[in-house]
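Asker: In my numbering, the protein residues as written are 1 to 974. Virtual Cβ for every residue (Gly too), placed ideally from N, Cα, C.
#1: Please tell me whether residue 413 and residue 353 are closer than 8 Å, where the distance is taken between their beta carbons.
#2: Counting C-beta neighbours from all protein chains within 10 Å, is the total for residue 176 16 or more, i.e. buried, or is it exposed?
#3: According to DSSP, simplified to helix, strand and coil, what is residue 950?
#4: So, under 8 Å CB-CB, residue 792 and residue 754 are touching, yes? Tell me the CB distance rounded to an integer number of Å.
#5: By Cβ distance below 8 Å, which residues in the same chain neighbour residue 422 in space, the five residues on each side in sequence not counted?
#6: Going by Cα to Cα distance, which pick from 780, 906 and 432 is closest to residue 944?
#7: Any beta carbon from chain D within less than 8 Å of residue 748's own beta carbon?
#8: Does the Cβ-Cβ distance between residue 863 and residue 901 come in under 8 Å?
#9: Residues bridged to residue 322 by DSSP?
#10: Could you check what DSSP says for residue 409 in three-state terms: helix, strand or coil?
#11: Take residue 11 and list the residues in its own chain whose beta-carbon comes closer than 6 Å to its own, dropping the five residues that flank it on each side.
#12: What's the call for residue 940, buried or exposed, on a 16-neighbour Cβ count within 10 Å?
#13: Alpha carbons only, please: which of 329, 279, 427 and 373 is nearest the one belonging to residue 341?
#14: Return the Cβ separation of residue 701 and residue 633 in integer angstroms, given the expectation that the two are a contact with Cβ distance under 8 Å.
#15: Look up residue 1018 in the DSSP assignment and give the residues it is bridged to.
#16: Would residue 406 and residue 415 be called neighbours here (beta carbons separated by less than 8 Å)?
#17: Going by DSSP, which residues form a beta bridge with residue 121?
#18: Residue 952 to residue 880, Cα distance in whole Å?
#19: Using DSSP with H/G/I as helix, E/B as strand and the rest coil, what is residue 601?
#20: For residue 681, tell me which candidate among 712, 148 and 517 has the shortest Cα-Cα distance.
#21: Drop a sphere of 10 angstroms on the beta-carbon of residue 597, count the other beta-carbons inside from all chains shown, and report buried for 16 or more, exposed for fewer.
#22: Which same chain residues, not among the five before or five after residue 687, have their C-beta less than 7 Å away from its C-beta?
#23: Where does the unbroken beta strand (DSSP E) through residue 201 begin, and where does it stop?
#24: Which residue spans inside the stretch 501 to 575 form an unbroken alpha helix (DSSP H) run of at least 4?
#25: For residue 491, count neighbouring Cβ atoms within 10 angstroms of its own Cβ and tell me buried if that reaches 16, exposed if not.
#26: Would you say the beta carbon of residue 448 is closer than 7 Å to some non-hydrogen atom of the ligand FAD?
#27: For residue 565, is the classification buried or exposed, using 16 other Cβ atoms within 10 angstroms of its Cβ as the cut-off for buried?
#28: In whole angstroms, what separates the C-alpha of residue 9 from that of residue 151?
#29: Nearest to residue 139 by alpha carbon, out of 283, 162 and 56?
#30: Which one of 221, 178, 226 and 211 has the shortest CA to CA distance from residue 195?
#31: Give the straight-line distance between the Cα atoms of residue 487 and residue 557, rounded to the nearest whole angstrom.
#32: Please report how far the alpha carbon of residue 218 lies from the alpha carbon of residue 114, in whole angstroms.
#33: With respect to the alpha helix (DSSP H) encompassing residue 386, which residues constitute its N-terminal and C-terminal limits?
#34: How is the beta strand (DSSP E) around residue 93 delimited, first residue to last?
#35: Per DSSP, what kind of secondary structure is residue 269 in: helix, strand or coil?
#36: Among 583, 339, 546 and 285, which residue has its Cα nearest to the Cα of residue 443?
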């Protein structure tokens, strides 16, 4: 992989062909700060400190957003727009850097490789790896980014890298001396000793190089100069290593010769041939090698890059490669085993344990007999008892360095008797199970191949030019294969054997649920049969939990294959407790029949989902429909809970009735931010659930699903997703003459229009909703609708109607003793005072609203009140307080990833800067807001930004910049 980012010298970005410009000192510092913590979240405060130090300006949030946008452009240009590298991750941002893309990481990996080669005395490897590492070093890290590079954290990182380089150089000279290249080492060591007069390592090696080159007097001079400098500068004598070298010079000992090579020993080598088309898996292969205690194979391969603490011991007795059927476990095992054979000179033993074969698994008893015989134990000496054979086998391995490759293990008990007890032997195991209960083992789970490796594999199998000629068909084929190497090999084999076939023909045959699994079979390669081995093993298991997992696998495939589930949603689907659902899901994940990409989220691989859906003859249609209704009901209830947490709504829709809602386990939300993020993640599933509810004729579920997106829409209304769901649910409600559903849908459709400033449409739906809820004598609903009408009249600047509707709403809330509703109406009345030019009264009301809701967890409401309060303070001329309040509102919107609300805050902040004559800050804020509004198609905000910039330009041309804050309102203000 090409190094894309360079910190070892001036900051650079490379696109694989040429350097890409990173202009602007702030953008360069921002990129460096993110690269120093690559793949980790860097808080906004940390980034602001990196950009401005201790003097963070009031407009820092807007400026930071602007610089991040420019950085995204640089990254998109370097990647060709194929990947979103810079993501917003609370409480800041995260830059994705893949393995091998950051020169500092590659450099440190090579330093580690040099260290390992140094420890085993492999001087040629030390020279090779050192040469590769030194090519990465372009100069002092972050050399062009002072004063940022002088601050504490960057300076520490620069020091670490510089120290690693010096240590690397010292090891490289050990290799030169070890290979007898004493004369060649003298000149560079002399220069380094001069650059680092107090570094004992360079002086010691220079002494040895001079001595072994026959220049003994100069070696003595180096020692005495070093000793004098250390005493004068540090008040200390040279260390023991320098004195040992001095003793060698004094004794006049000759240079040591090269160590003799050990003679090779014949040993059993049973590994099957490795496939010729093995592609990718570099990181996993490096991890397996490191866990087996074998140094990296090739330059640039990071030893144990992924073998972090928790993945297993540094040198494991057993390494388990696990994954779903067809993911390439055996291929990786063979790939690594062939390349580490020299590290196991006493042999490589191999056995297919047949853990998932219909003919039954091979037993430890028979395999131990074979292995012992292979190691020279006579047949007559084999014990009858399996445990005794295992003991003898461990004894036979104790003084040997043997690699065991145990392929296709069923479970931990299957392989436990075959493992070495210690010593230098190791086992490499493949299994469709995680084998989490196998002691002293390290786990290397495999995922499907990434797109780049899929493309490379198909190119090797079918020809690079052929796959390049039909990019759209190639993309469809790769999507249909789901990154599964087995499927890709079958496809590649078909294309290779049919050179006249266009890729589009095969892509059509691989259409999901239209014979795809039939197409993915060729000879003994068969995706369906591979999956069946895993499924049948749990379906026919003697353990009840595994049989229950098989049922869950079928239901997920038939009912919900496209979406992830949690223990809570799965509990509803399966009609079990949350704890039981979690246990069932873990059984499927351990068997790699479910993906478990993050805690408590499980999803079927696309191909496994299709296979599971075809098991429809093992459950009745009634069972599947009942399971689906339970899941849809769960989503309706969960969305209702999320909306309550996100909006603190004054009235919620009535809950569903019936057995489907009994004993549901629902998600719990700490605040509105958490509820909104949960809904955003579940949105694709909610849209699917809405469609499925309509197909089942369940309008009561459909409208509750659409209405339940209210919380999500409070920050994501601008996407149009909510409008589409409300419209779809309205069609369903009308078809089934669901009057209650229509009432709630009109009410929420009005809110959607109001958020988008479609005021006339909003009022139309509010009037219909008011009539429908008046029919039902629902006073709480009437109070809420009247309050919403007041808000719309505020948006149309009709203060009389706004106040009249607000007072009617307040009276109804009082009649129903709804204090939460009263707080909302107080905010509406404050808005009226503000509109009427009564800023003192408005400010007092806003302060009361803020006091009432602060700490309630309702971030959207609080941010809105703070924004209005800040704008009122602007009118009152209270500059510092206004910016303080607006900054708090903006931080809430940014934390919640609320793009529309962020734009609102930026508009009011820009107006405040303009109002107080701060032209540069106003321009920068308007530009940031305009870029945000264009990115998310916020039409009204685009117009406001353009008008604000135009007014600003006019103001700057006609007036001199004020010397201090002013309190007048500029012509371009709101």
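Answerer: Short version:
#1: No, the pair does not count as a contact, with Cβ atoms beyond the cut-off.
#2: Buried.
#3: DSSP places residue 950 in helix when its eight states are reduced to three.
#4: Contact flag correct, Cβ pair sits at about 6 Å.
#5: Counting only Cβ-Cβ distances below 8 Å, and skipping sequence neighbours, we find 317 and 398.
#6: Residue 906 is the option with its Cα nearest to residue 944.
#7: Although the question refers to chain D, the structure presented lacks it and comprises just one protein chain.
#8: Yes.
#9: Beta-bridge annotation (DSSP): residue 322 is paired with 431 and 445.
#10: Of the three classes helix, strand and coil, the one that applies to residue 409 here is strand, per DSSP.
#11: Cβ contact annotation for residue 11 (same chain, cutoff 6 Å, sequence separation greater than five): 28 and 32, in chain order.
#12: Label assigned to residue 940: exposed.
#13: Nearest to residue 341 by alpha-carbon distance, out of 329, 279, 427 and 373, is 427.
#14: 6 Å between Cβ atoms; contact.
#15: A question about residue 1018 goes unanswered here, because the residues of the chain that appear run from 1 up to 974.
#16: Taking 8 Å as the cut-off, the beta carbon of residue 406 is found closer than this to the beta carbon of residue 415.
#17: Answer is none; residue 121 lacks a bridge partner.
#18: Going from the Cα of residue 952 to the Cα of residue 880 covers about 21 Å.
#19: If DSSP states are grouped into helix, strand and coil, residue 601 belongs with the strands.
#20: Of the candidates 712, 148 and 517, the one whose C-alpha sits nearest the C-alpha of residue 681 is 712.
#21: Residue 597 is exposed by the Cβ-count criterion.
#22: Once the five neighbours on either side are set aside, the close Cβ partners of residue 687 are 725.
#23: Secondary structure note for residue 201: it is in no beta strand (DSSP E), and the uninterrupted alpha helix (DSSP H) holding it is 200 to 212.
#24: Counting whole runs of 4 or more residues, the stretch 501 to 575 contains the alpha helix (DSSP H) stretches 503 to 509, 516 to 519, 527 to 539, 544 to 559 and 567 to 574.
#25: Looking at its Cβ environment, which holds 16 or more other Cβ atoms inside 10 Å, residue 491 is buried.
#26: Absent from the structure shown: the ligand FAD. Ligands present: none.
#27: It counts as buried.
#28: Spanning the alpha carbons of residue 9 and residue 151 requires a straight line of approximately 17 Å.
#29: Nearest of 283, 162 and 56 to residue 139, Cα basis: 162.
#30: In terms of CA proximity to residue 195, 226 leads the group 221, 178, 226 and 211.
#31: CA-CA distance, residue 487 to residue 557, rounds to 19 Å.
#32: Note on geometry: alpha-carbon atoms of residue 218 and residue 114 lie some 29 Å from one another.
#33: Counting along the chain, the alpha helix (DSSP H) containing residue 386 begins and ends at 386 to 398.
#34: Unbroken beta strand (DSSP E) run through residue 93: 92 to 95.
#35: Residue state, collapsed to three classes: strand.
#36: Proximity to residue 443 across 583, 339, 546 and 285 peaks at 285, based on C-alpha coordinates.
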